[in-house]
Amino acid sequence: MNEKTRLPGVARIGIGGPVGSGKTALVERLIPALKARNIEVAVVANDLVTREDAERIRRSGLIDPARVLAVETGACPHTAIREDPTMNILAVEKLIETFPEVEVILVESGGDNLASTFSLELVDYWLFVIDTSDGDDIPRKKGPGIVRSDILVINKVDLAPYVGANVENMVRDASQVRSGRTVILTNCKTGEGIETLVDQLAHDVLFTA
Amino acid sequence: MSGISSQLALLQYGDSFFPSGSVSFSWGLEGLVDRGAVSGRESFEAFIKGQLRARWACYERTVVASAHSARDDLPALARIDDMVEITTAAAELRDASCRMGSAMLLVFSRLGQEPAAKYRSLVSSGAAHGHVSVVQGMLWASAGLPERDAIALSAHMFCTGFLSAGVRLGCITHLDAQKLLAAAREEAALLAASPALPLGAITTHMPEAEIAAMQHAGLEMRLFTN
Chain B
1 MNEKTRLPGV ARIGIGGPVG SGKTALVERL IPALKARNIE VAVVANDLVT REDAERIRRS
61 GLIDPARVLA VETGACPHTA IREDPTMNIL AVEKLIETFP EVEVILVESG GDNLASTFSL
121 ELVDYWLFVI DTSDGDDIPR KKGPGIVRSD ILVINKVDLA PYVGANVENM VRDASQVRSG
181 RTVILTNCKT GEGIETLVDQ LAHDVLFTA
Chain F
210 MSGISSQLAL LQYGDSFFPS GSVSFSWGLE GLVDRGAVSG RESFEAFIKG QLRARWACYE
270 RTVVASAHSA RDDLPALARI DDMVEITTAA AELRDASCRM GSAMLLVFSR LGQEPAAKYR
330 SLVSSGAAHG HVSVVQGMLW ASAGLPERDA IALSAHMFCT GFLSAGVRLG CITHLDAQKL
390 LAAAREEAAL LAASPALPLG AITTHMPEAE IAAMQHAGLE MRLFTN
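Residue numbers (the numbering used here), protein chains in the order written: chain B, 1 to 209; chain F, 210 to 435.
Now the structure itself:
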């Protein structure tokens, strides 16, 4: 095995966005992409009404199931990542204690609306995921998730022609409301855009680029 | 701490705005609602009054008061913790109690409360369990709340935990919750007027809720940890 240099600390990366936008699919793409760069990963999944997302990631074969913890949010997914992120912070701490080799913890929020944001007590950096099938006017509707996230991911770009979404307009509007901060297009089914996203994470938060 | 400062502290720690991790727990209520055992305001009132009589008055109240008296005496707190551990039958409720206790220790530690950090270390080392009612009594004493306020806060949080979960489960409305909280307050005051049981005699008997908590993991749709 090659010698590797450990990251200076554990990077906690939040992933928020509406139900069905592709957050779990993104996590499933990020795990192998980060592992390919020799980065040790763990996951905290916040499910809205079941443990489905956590179980899906555990069964994916992409990661040691013990490295995936689930947090139930009592129907308040935004509360659990913002006003009272205590149970999520405990989960993150447990992963760090159990797996000291972990360098990146992905905290996937339970699906919510465009207003959810992450507490910076819980994460160091966060992504917000929307998708083309929600309508190409979504970026214009702003919302704290779209405006304030460190990276806005527009997923399911392959579906745009079928749902009448204009991706160019989405990127233009998103860039405008985000004052030019990063917007990345992905198709989590094929992996399109994932390397670009990981490059950006490596530069912004992992400090390996 | 006295006067208005103490009252404001009481409001701060009793406010749902104060982070405690409580939003994740229903303490068996979700299972009872799922099977229709609790449905609507009337049955909710019977449920919450039953919980106050069969759990809070004869168990939680004594544990909180004992931990409040022990304050920063870590071995004494650990002994109270042991008592809670051996008298809580359902593993799911023991686990949830420790998780919420850990959450409160984490918050108070990060707020700079030294006893919280010390007890947190003890829990991390495995020398104490960190059950929530023990942690509450200890933390509130360290925060300067008198015992009477700690008992009142315990009753309030005990009730609001259920009521808030009930609203989110669609079992009661937001106005039902306020009416029930007022009724529960009267019930708690009556119960608190009678002498508390000594720690060695604490008892709790709420089999239906305990069974619901035990069966909770099998629910197909689940909003809460328990």
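Built from N, CA and C at the ideal position, the CB exists for glycine as well.
Taking CB atoms only, L90 of chain B has a neighbour in chain F less than 8 Å away.
When the beta-carbon positions are compared, N435 of chain F and F256 of chain F stay at least 8 Å from each other. In this structure the segment 109 to 129 of chain B lies against the segment 141 to 153 of chain B, because at least three pairs of beta carbons, one per stretch, are closer than 8 Å.
Interface with chain F (8 Å Cβ-Cβ cutoff): E72 of chain B is included.
Using a Cβ distance threshold of 8 Å, E356 of chain F and H414 of chain F do not count as a contacting pair.
Distance check between R58 of chain B and each of B:E168, B:L197, B:A25 and B:C188 places B:A25 closest, using alpha-carbon atoms only.
Note that the C-beta distance between W349 of chain F and Y268 of chain F is not below 8 Å.
Between N46 of chain B and E108 of chain B the beta-carbon gap is near 6 Å, inside 8 Å, which marks them as a contact. In the DSSP annotation of this structure, the continuous segment of the alpha helix (DSSP H) that includes N169 of chain B starts and ends at V167 to V177. When secondary structure is reduced to three states using DSSP, G14 of chain B falls in the strand class. Interface with chain F (8 Å Cβ-Cβ cutoff): M170 of chain B is excluded. By the C-beta criterion, the segment 360 to 371 of chain F is judged to be in contact with the segment 394 to 413 of chain F, since at least 3 inter-stretch pairs fall below 8 Å. Identification of chain B residues near F433 of chain F by a Cβ-Cβ cut-off of 9 Å yields E72, T73, G74 and A75, ordered along the chain.
Distance from the CA of S373 of chain F to the CA of P161 of chain B, rounded to the nearest whole angstrom, comes to 44 Å. Assignment of beta-bridge partners to N155 of chain B by DSSP yields B:D131. For the segment 372 to 383 of chain F, the set of positions with a beta-carbon nearer than 7 Å to some beta-carbon of chain B reads A374 and R377 in chain order. The Cβ of S248 of chain F sits no closer than 8 Å to any Cβ of chain B. Beta-carbon to beta-carbon, E103 of chain B and V44 of chain B are separated by about 15 Å, too far to satisfy the 8 Å threshold.
Interface flag for A80 of chain B against chain F is set, since a Cβ pair is found closer than 8 Å. Residues of the segment 216 to 233 of chain F whose Cβ lies closer than 9 Å to any Cβ of chain B, in chain order: S225, F226, F227, P228, S229, G230, S231, V232 and S233. Chain order gives the chain B residues near A312 of chain F as T86, M87 and L90, where near means a beta carbon separation below 7 Å. Sequence-distant Cβ neighbours of G111 of chain B in its own chain, meaning closer than 8 Å and more than five residues away, are G17, P18, V19, G20, S21, K23, L48 and P77. Listed by position along chain F, the residues whose Cβ is nearer than 8 Å to that of E83 of chain B are F226 and P228.
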